[in-house]
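In terms of the working numbering, the sequence shown opens at residue 4 and continues consecutively.
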Amino acid sequence: MRSDDTIFATASGHGRAAVCIVRISGPQSRTILEMLGRNVPEPRHAAVRVLRDPASGEPLDQALVLWMPGPRSFTGEDQAELHIHGGLATRAAVLKALGAVPECRPAEAGEFTRRAFLNGRMDLSQVEGLADVIDAETEAQRRQAMLQLEGRLGDAAEGWREGTLQALALLEASLDFSDEGDVPEDLEADILNRLDRLGGEIGRALANRSGERLREGFTVVLAGPPNAGKSTLLNALARRDVAIVSPIAGTTRDVIEVHCDLGGLPVIIVDTAGLRESGDMIEQEGVSRARARAQDADLVLWLVPPEGQETGAPPARRLLKVGTKADLNRSGRGCDLLIAASTGEGLPGLIAALEQEAEAALGQGDAILTRERHRKALERAHRSLAAGRELLAGHGPLELAAEEVRLAARAIGEITGRVDVEDVLDRLFSSFCIGK
């Protein structure tokens with residue numbers, strides 16, 4: 004991958020469409036516009052141009068053209084956009100013409116955003132926020148992603164990093180100028196106060212895990228004996244036929260997942276095999292998987308059929324007992340809710356309960372950390388700050404205390420990309436679509 008090449012890619016969806024957007028970024032962007040459309044529009048002003056093949060002069064399309072010279076562009080480089088008609092032949096012809104220009108090549112996955120990061124237009128946490136905006140499936144996920152794209156995490160991380168560097172500078176001063184008369188006597192107490200404050204702020208951020216859970220979704224497992232109505236309830240919540248419904252016990256053998264949007268929150272509904280003793284090896288594996296998923300779930304809906312088969316509920320963090328087939332039996336003895344998924348009876352109350360549980364678990368978008376990478380970096384920083392404080396308070400070697408604080412600053416810098424993070428970049432940008 005050469006960063007001095009000019010790159011191009013479609014930035015809109017594939018297939019036939021009314022309009023297709025082609026992005027171009029790099030040093031030859033203006034030259035390419037001149038080759039295709041003759042006159043280059045005023046910067047950041049759209050203009051209609053007839054695009055022609057540079058080799059033959061044949062008209063390719065009538066397009067809306069934008070010219071955005073760097074550094075005031077998304078990538079920080081000279082950049083152009085061609086808003087062409089979305090027919091497959093038109094798109095293919097324009098891309099073929101661009102590919103024929105020397106030192107102009109198709110972009111790799113995420114390369115536009117990678118250039119924006121390398122040119123200082125975005126920090127690494129904002130890049131991740133952009134990826135989350137693209138992938139957001141619910142309103143809550145979109146709001147959280149926008150906060151990160153706008154720099155909420157990056158600003159916090161830069162504040163922590165700056166505070167850590169200030170503490171490190173004071174430690175270095177106490178090491179290098181300990182014999183000088185102008186070093187304050189209360190310098191050690193000042194450093195300890197700074198480390199305490201930083202440790203407390205980072206600790207509070209680490210204590211809130213709702214950001215990561217919001218990205219992943221709130222997991223609800225449907226569990227119960229065979230023929231308790233799990234698959235019928237899954238289909239009712241998904242509003243489509245996802246699972247096979249049959250009066251034959253043991254129909255569901257594997258785990259089936261459905262992603263839902265309940266009250267703007269991401270909820271994953273998981274259908275599992277009926278829990279019972281069985282001599283069938285395949286069903287035994289399904290029961291084993293059901294118990295494992297129930298143990299890891301945020302919420303287990305334990306479905307109790309009218310016949311009241313006595314099967315012990317699996318261990319779970321949170322469990323609600325739901326009486327099923329209310330149209331056949333309305334007692335609902337010992338149950339939190341009573342439903343009839345086949346008729347819709349009781350479903351609004353169940354959905355409201357699920358929304359309430361998800362909202363309580365996922366919070367109100369107040370989390371700063373949204374990825375495991377962020378958490379691991381801050382956990383290392385938190386440990387290093389604690390170790391540095393312990394050394395300083397115990398009158399240990401100042402050199403070791405300074406090294407711990409330096410490691411903390413480096414760990415915090417990984418969040419925004421203020422250190423060498425090539426491996427992180429490769430993994431992150433490979434997940435982007437080509438035109439981004």
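Here a beta-carbon is modelled for each residue, glycine too, at the ideal position from N, C-alpha and C.
Leaving aside the five residues before and after Ser249 along the sequence, list all residues of the same chain whose C-beta is less than 7 Å from its C-beta, in chain order. Residue placement at Ser249 is poorly supported in this model, since its pLDDT is 46, which falls under 50; the coordinates are not used for a value here.
Which one of Thr327, Leu121, His377 has the shortest CA to CA distance from Ile415? His377
Helix or strand or just coil, what does DSSP make of Glu175? helix
At the level of alpha carbons, what is the spacing between Ile205 and Leu388? 10 Å
Apart from the five residues just before and just after Val22, which ones in its own chain have a Cβ nearer than 6 Å to its Cβ? His86, Gly89
Do you know how far the Cα of Asp301 is from the Cα of Gly347? 24 Å
On the DSSP bridge assignment, give the partners of Ser28 in chain order. Ile10, Gln82
Closest by CA to Met71, which one among Gln82, Glu61, Leu63, Glu360? Gln82
Nearest CA to the CA of Leu121: which residue from Leu101, Phe77, Gln144, Ala159? Phe77
Does the distance from the C-beta atom of Leu171 to that of Arg409 stay below 8 Å? yes
Residues in the same chain with beta-carbon distance under 7 Å from Arg296, minus the five sequence neighbours each way, listed in chain order, please. Val224, Val258, Val273, Thr275
Among Arg117, His398, Pro57, whose alpha-carbon lies nearest the alpha-carbon of Ala192? His398
In this structure, does DSSP put Ile371 in helix, strand or coil? coil
Per-residue burial, Glu417 [other beta carbons within 10 Å of its own, 16 or more giving buried]: buried
Are Leu195 and Ser177 touching if we call contact CB-CB under 8 Å? no
With distance defined between alpha-carbon atoms, name the residue in Leu98, Leu67, His17, Pro46 nearest to Phe11. Leu98
Nearest candidate by alpha-carbon position, reference Ala143, set Gly349, Leu268, Glu111: Leu268
Beta-carbon proximity list for Leu152, same chain, < 7 Å, skipping 5 on both sides: Gln129, Gly132, Leu133, Val136
Heavy atom of the ligand GDP less than 7 Å from the Cβ of Asp81, yes or no? Looking for the ligand GDP in the displayed structure turns up nothing, as the structure carries no ligands at all.
Among Arg108, Ser291, Ser32, Arg218, which residue has its Cα nearest to the Cα of His262? Arg218
So who's on the other strand from Gln65, going by DSSP bridges? Val53
Can you say whether Val303 is buried or exposed, counting buried as having 16 or more other CB atoms within 10 angstroms of its CB? buried
Cβ distance (whole Å) where Ala355 is taken to contact Ala343 below 8 Å: With a Cβ gap of about 16 Å, Ala355 and Ala343 do not count as contacting.
Within this structure, are the beta carbons of Leu353 and Ala208 separated by less than 8 Å? no
Which of the three DSSP states is assigned to His398 in this structure? coil
Could you tell me the distance, in whole angstroms, from the CA atom of Asp299 to the CA atom of Pro317? 11 Å
Can you give me the Cβ contacts of Ala103 inside the same chain, cut-off strictly under 8 Å, excluding the 5 residues immediately before and after it? Pro57, Ala58
Option nearest Met38 by Cα separation, candidates Asp8, Cys107, Arg94: Cys107
Have a look at Glu114, Arg41, Gly166 and flag the residue whose alpha-carbon is nearest the alpha-carbon of Leu54. Arg41
For the region 313-367, which segments carrying the beta strand (DSSP E) assignment without a break, of at least 3 residues, lie completely within its bounds, in sequence order? 322-326
By the three-class DSSP mapping on this structure, what secondary structure does Glu260 have? strand
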